[in-house]
Amino acid sequence: MNKFTITPLIRQYKRLKQKEPDAILFFRVGDFYETFYEDAVLTSKTLGIALTQRQEGVPLAGVPHHSAKTYIQRLVSGGYKVAICEQLEEPKPGKLVERDIMEVITQGTVLDDMLLNEKKTNFLASVYPGDNKYGLALLDISTGDFRVTELTRDELLDEIRRFEPKEIIIPSGIDEIEVNNIAVSRMDDFEFDYEYTLKNLLSHFGIQTLDGFGCGGMREGIQAAGAALFYAKRNKRKDLSYVERVSPYSRNDSLVLDEPTRRNLELVRKPTGETDGTLLSILDNTTTPMGGRLLRDFLISPLLNPEEIRERQDKVSVFYNNPSFTAQLRGFLSQMPDLDRLITRLSLERVNARDVLFLGRALKKFPEINRFLPDSLSSYKLGNFDGVVEEIEKTIVESPPQTIKEGGIIRSDVNKELDELRNISKNVKLWIADFENTERQRTGIGSLKVGFNSVFGYYIEVTRPNLPKVPEEYVRKQTLANAERFITPQLKEYEAKVLQADERSRLLEYEIFKELRDRLKNFVPSMKEASTKIAYIDVFSTLASIARRYGYTRPVVDDEDRIVMKDARHPVVERLLKEGEFIPNDVKLDLDERVLVITGPNMAGKSTYLRQVALCAILAQMGSYIPAMEAKIGIVDRIFTRIGASDDLTKGVSTFLAEMTETANILNNATRRSLLILDEIGRGTSTYDGLSIAWASVEYIVKNTKAKTLFATHYHELTELERLSDEIKNYNLECKKWKDKIIFLRKVVRGGCPQSYGIEVAKLAGLPKDVIERAKRILVSLEREERRGSSERLMQPLQLGIFDEVKESEVERELKNIDIEKLTPIDALLILKKLKDKL
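Under the working numbering, residues 7 to 845 are what the sequence shown spells out, in order.
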């Protein structure tokens, strides 16, 4: 930097840049945010804007302040931090404008709606590693949601994937966290110090102990939470008073769905990253952003307590049984803004007059919402904010501008002085017209006119032929080609009065707005409570609407050790088909039928059947109705899935190793209360290795884990397991063969699949006719060898080329040429010995 001339402005920039060295500094200069030096080069390249330089040779890239949000969004989304430096005073000639950094925007500390996903939390995660466990804090500063927990390293990584934070902060002295596509920021180790973080939390909440929140004994959790709050406050340069509590939680409080399970069941995202066609996408008919975020939370954290589940079901049932008022209620809900985030902006004094007006309109709907809530939902009645609504409507104009410092936002009759000042400005035209007419008569200059420009203010213009008539008290200010412009003491005095009135009017409007904003801040806690209630009403009514529209039923959820469903359906797949096309199926997993071995050809529907059982269990435990005629579901503590085969190339893990790692995790961690969804275990290795592993896994589940299990396989030998234990039952996806074609009936029936139908499925998939015919001949050969009991043949892999024929052996040729009628017994014995020697 030393090669550049250091001006006072650049010196000021460098001083402020030192405060946030790892951020791009947006430095306000007039109507632009300017970046300098390396920041300018990076900003120019990232945003595709021109890179220029100041007169002293300093690299420069700038963006207009009125459109800066778009550019900031692109930088932050790209993983960069942006520090916003504002001018703190009006520019004055010969004086350097005072400036300071007002906030730092990172992916985890975003507040602007343009940078937020309205139906997803925007968590900042903070991680602190202890000796035996990790502290994890999750803070969404856009809503005030603040959570803390303690867990093992494996649990930590899975929890991070579950909540998908936008940014993670860690102590500078620890190794990187193994996460993909999440920004990681480091803080000094002392900022995670226990005493320091505890003091920060106690001071923020204004309490003497965290025991009242239930997290007083969570040492590592406190260190993570205190660091998260400190980081957010430092970035926002605000006290974040709307963050009113930190809520401890445990992974054991909810049905555990690890990352492979969430991925395989496509709960919120497909393995490709898409969100369409997921369970969340077909459930989310919420009408408010708050409801959308809460529904997602329901889905990734189903309950374990049957009583709490039934309480949710009761709420859903109220709306399910009253479709008329539910529809009207949801109409009012659809008019709600994002109250959570709007209230947060109010707390941080980041609202404009339009925001306040939207808030008032939302609060005005509360009585209508209450009117549609029956007595059974009285706990969800919203508070009375009539006084707040009245004050907002009485103060703010109907269509206020975006800015709050340029006037035009406060109604008449709110403030007497403001009305008087406005009258001065309003009467300008009348005064000017009267003054102009008086001067024409006094001077005898009929063409005299009064005008205004931003350079000279008000002036009197006289054409050249009339210049001899100009009075002595006129002061010349400007000469034009055909006229000259003058001012008078009277005109300048009035100009000063008007300009002072305009300036005072703008300042007074801003003061009135700030006073209103401060009064509204007193209602933040009660408004946040109302927003939470609206979110729950939205979710319960959404689940009821889905249930009624698509024929869901209320399941019995209890502590019994069984899952029994009649005519259950896959909630996503059935929506992709025409109405009535999806074939429902029963399922029975209890003490008598613990492990169901499911066989059937590919494409018959095994995977769909397995997934629908798991999805219905999740829906039931989140308090929803489920797609089935009837169901009884005992609480499941964890759902494990082993579905499909894919290499994890990013970790250098082969298909089979990845499969075995997932299987080991399941067998080591499943309990009797778990639900296991196992699809094609052992597929990634040789036939006999795979069959052996699959067989041994089922035996282990029956003897040790005793978890309820659905086990789909293409190894038909596994159907023999039914003979080993009464708890193992065979089922298959029924198919029929008709005119050399296969028809999938999609119905699950008792017994193993009689044949694989592999060639028929290959034909459906479009393999060339020659390949199909060749496969049939090879199959006949293999089946003949199997019938002969040639164990040696079965143990050797058959390697026939697609163009090879099954050649006739020499022994077969000689046998065909023997004339049995002419053979003597001695000849027969000699030939037999000869043939035997050739084998």
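By construction, the Cβ of each residue, glycine as well, lies at the ideal position given by its N, Cα and C atoms.
Just so we're clear, the structure is a prediction, and the values are computed from it rather than from any experiment.
Between the alpha carbons of I315 and V563, how many angstroms are there, rounded? Rounded to the nearest whole angstrom, the CA to CA distance from I315 to V563 is 8 Å.
Does the stretch 637-651 come close enough to the stretch 560-575 that 3 or more CB-CB pairs lie under 8 Å? Verdict: yes, contact present.
Out of L473, E442, T494 and S253, which one is the CA nearest neighbour of V481? Measuring from the Cα of V481, the nearest candidate turns out to be T494.
Around the C-beta of T401, are 16 or more other C-beta atoms found within 10 angstroms, so that it is buried, or is it exposed? The residue is buried, with at least 16 neighbouring Cβ atoms inside 10 Å.
Quick one: is V468 near chain B, going by C-beta distance under 8 Å? Considering every chain present, this structure includes no chain B. It has just one protein chain.
In this structure, what does DSSP give as the bridge partners for Q408? The partner list for Q408 (beta bridge, DSSP) is empty, contrary to what the question assumes.
So, is I749 buried or exposed, given that buried needs 16 or more other C-beta atoms within 10 angstroms? Flag for I749 reads exposed.
Same chain only: Cβ atoms within 8 Å of G696, ignoring 5 sequence neighbours per side: For G696, same chain residues with a beta-carbon under 8 Å away, outside a window of 5 residues either side, are I687, G688, R689, G690 and Y721 in chain order.
Give me whichever residues DSSP pairs with Q79 in a beta bridge. Per DSSP, none; premise fails for Q79.
Rank T41, R275 and G606 by C-alpha distance to the C-alpha of V755 and give the top, closest one. Of the listed residues, the one whose Cα sits closest to V755 is G606.
L436 beta carbon less than 8 Å from that of I466: Not a contact, by the Cβ cut-off of 8 Å.
Kindly identify the DSSP beta-bridge partner or partners of T559. Answer is I632, bridged to T559.
For I707, which three-state DSSP category applies? Here I707 sits in helix by DSSP.
Have a look at I649 and L616 and give me their C-alpha separation to the nearest angstrom. Cα to Cα, the separation comes out at about 10 Å.
Which same chain residues end up closer than 7 Å to E161 when comparing Cβ atoms and leaving out the 5 residues on each side of it in sequence? Taking E161 as the centre and dropping the five residues before and after it, the same chain places the C-beta of R257 closer than 7 Å to its C-beta, in chain order.
Is the beta carbon of M533 closer than 8 Å to that of L379? No, Cβ-Cβ distance for L379 and M533 is not below 8 Å.
Who are the Cβ neighbours of K539 in its own chain at under 7 Å, not counting the five residues just before and after it? Excluding its 5 nearest sequence neighbours in each direction, K539 has C-beta neighbours in its own chain below 7 Å: Y386 and L388, listed in chain order.
Closest to R684 by C-alpha separation, out of M666, T693 and Y694, would be which residue? The residue you asked about is not Arg; residue 684 is Leu in the sequence shown. The shortest Cα separation from L684 among M666, T693 and Y694 belongs to M666.
Assuming R299 and K520 are in contact, meaning their beta carbons sit under 8 Å apart, how far apart are those beta carbons, in whole angstroms? About 30 Å separates the two Cβ atoms, so there is no contact after all.
Please classify T281: is it buried, with 16 or more other beta-carbons within 10 angstroms of its beta-carbon, or exposed? By the neighbour-count rule (16 or more Cβ atoms within 10 Å), T281 is not buried but exposed.
Assigned secondary structure, T485 (DSSP; H/G/I helix, E/B strand, else coil): Three-state result, T485: strand.
DSSP three-state assignment for K840, whether helix, strand or coil: Reduced to three states, the DSSP call for K840 is helix.
With distances taken from CA atoms, which of R21, D146, G297 and G457 is nearest A536? Cα-wise, what sits closest to A536 is G297.
Kindly list the residues whose CB is nearer than 6 Å to the CB of N736, restricted to its own chain and excluding five residues on each side of it in sequence; keep chain order. Answer for N736: V603, T725, E728, G757 and G758, listed in chain order.
Pull up the CB-CB distance for S630 and V322, whole angstroms please, since I reckon it's below 8 Å. The beta-carbon separation of S630 and V322, rounded to 7 Å, stays under the 8 Å limit for a contact.
If you draw a straight line from the C-alpha of E226 to the C-alpha of D596, how long is it? A direct Cα-to-Cα measurement between E226 and D596 gives close to 41 Å.
Rounded to whole angstroms, how far is the Cβ of E272 from the Cβ of G283, which I believe are closer than 8 Å? The pair is a contact, with the Cβ atoms about 7 Å apart (cut-off 8 Å).
Which residue from T409, E374, S382 and Q408 puts its Cα closest to that of D392? Taking only the C-alpha atoms, the option nearest D392 is E374.
Taking 8 Å as the threshold (C-beta atoms), are T719 and I707 in contact? Their beta carbons are not under 8 Å apart, which means I707 does not touch T719 by this criterion.
Kindly indicate which three-state DSSP category M571 falls into: helix, strand or coil? Looking at M571 - three-state DSSP - the assignment turns out to be strand.
Using CA atoms only, rank isn't needed, just tell me which of K172, T614 and K244 is closest to V579. Cα-wise, what sits closest to V579 is T614.
Who are the near neighbours of T332 in its chain, counting only those whose CB is closer than 7 Å to its CB and skipping five residues on each side? In its chain, beyond the 5 residues on either side, F325, S547, A550 and S551 have a beta carbon closer than 7 Å to the beta carbon of T332.
Report the residue from F441, G366 and E515 whose alpha carbon sits nearest the alpha carbon of L427. Taking each of F441, G366 and E515 in turn and checking the Cα distance to L427, the smallest one comes out for E515.
State whether the stretch 89-102 contacts the stretch 40-50, with contact taken as three or more CB pairs (one from each stretch) at a distance under 8 Å. With the cut-off at 8 Å, the stretch 89-102 and the stretch 40-50 do not touch.
Other residues of its chain near R159: CB distance less than 7 Å, five sequence neighbours each side excluded: Once the five neighbours on either side are set aside, the close Cβ partners of R159 are Y140.
Does the beta-carbon distance from A233 to I175 come in below 8 Å? At the C-beta level, A233 and I175 come within 8 Å of one another.
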